[in-house]
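A short write-up of the structure that comes next.
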């Protein structure tokens, strides 16, 4: 039997509070919304569910609050097949993301809460989990020191590292040098490039461009991998779906260009349902979808 890809995600775990509306309020204005939902989210948890649904063995490393949201999220992640033995409850509340969805686009306010406890010391305590991975996925919704420690452990043990630099912040050059793949969107790419030489990011950048697909560089050539056309319901979590799909494909030894194509299909399918995690597809659904597009 083929061994499942071993993917470890160190990152954020949120409860998403989603409001669907046809009209986004201006400052000082009150409007009626159409619907409200609570969905487990957070970029770390989203990417973990994306990879788990595809069939990877996924370990999630992170923190939640000792509240109802935390308990609900743990139960949900276990049902999704994510190993949560390294998710720890801490004092305080679980992180929340207040999301407004209008005409398929979204705006988000995140309160970090328990995610702030994913420090270097916390990550160090999970060293063995990271060391035993094929791929490590990271984002920037946890303290940067936690990200840096995770990268350090991964590189000491020959583990491939994907950093999804969102929300974007200033990153040390030493950190970028140790990362194998960086997956910004176009806005994040612009900020990421500021003050850096082209060589510093060469071969690492995988830029997600929404409906325009993904761009990578092969030698001196920029390659664009087109997005799949699909009826969009909610784009929340599409970038996380791409990262989960990319990690899964790379862990299976698939070439980068084909891995990005696979990630694009995962992202496209994820936008057909409301909520970041509920739309994540299985590997069979992705393969069938790709086959139907060719």
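In the UniProt record's numbering, the protein residues as written are 1 to 294. By construction, the Cβ of each residue, glycine as well, lies at the ideal position given by its N, Cα and C atoms.
With a 10 Å radius around the Cβ and a threshold of 16 neighbouring Cβ atoms, residue 109 comes out exposed. In this structure the region 145-163 touches the region 178-189; the number of beta carbon pairs closer than 8 Å is three or more. Excluding residues up to 5 positions away in sequence, 99, 100, 234, 235, 236 lie with their Cβ nearer than 8 Å to the Cβ of residue 106 in the same chain.
Taken in chain order, the complete beta strand (DSSP E) segments of 3 or more residues contained in the region 185-264 are 206-208, 214-218, 221-225.
Residue environment: residue 13 is assigned as buried (16 or more neighbouring CB atoms within 10 Å of its CB, all protein chains considered). Between residue 129 and residue 59, the beta carbon gap of about 5 Å places them in contact (Cβ cut-off 8 Å). For residue 72, the uninterrupted alpha helix (DSSP H) run begins and ends at 68-79, by DSSP. Contact check between the region 45-65 and the region 77-86: three or more CB pairs, one atom from each, fall below 8 Å, which counts as touching. Secondary structure of residue 107 (DSSP, three-state): strand.
DSSP, reduced to helix, strand and coil, places residue 11 outside both helices and strands of the structure shown, so it counts as coil.
Contact fails between the region 14-21 and the region 152-162, because fewer than three Cβ pairs, one in each stretch, are under 8 Å apart. For residue 65, no alpha helix (DSSP H) encloses it; the enclosing beta strand (DSSP E) starts and ends at 57-65. According to DSSP, residue pairing for residue 96 in a beta bridge involves 15, 111. Here the alpha carbons of residue 277 and residue 69 stand approximately 15 Å from one another. Taking C-beta atoms as the reference points, residue 246 and residue 183 count as a pair closer than 9 Å. A Cβ-Cβ separation of about 25 Å leaves residue 252 out of contact with residue 166 under the 8 Å criterion. The DSSP assignment places 43-54 as complete runs of the alpha helix (DSSP H) inside the region 27-58, in order along the chain (cut-off: 4 residues).
By the Cβ-count criterion, residue 40 is buried, with 16 or more other Cβ atoms from all chains shown falling within 10 Å of its own Cβ. Under the three-state reduction of DSSP, residue 156 is assigned to helix. Residue 173 sits in a helix when the DSSP states are folded into three classes. Here residue 206 is buried. Its C-beta has 16 or more other C-beta atoms within 10 Å.
Residue pairing by DSSP leaves residue 125 without any beta bridge partner.
In this structure, residue 111 lies away from residue 11, with their beta-carbon atoms at least 9 Å apart.
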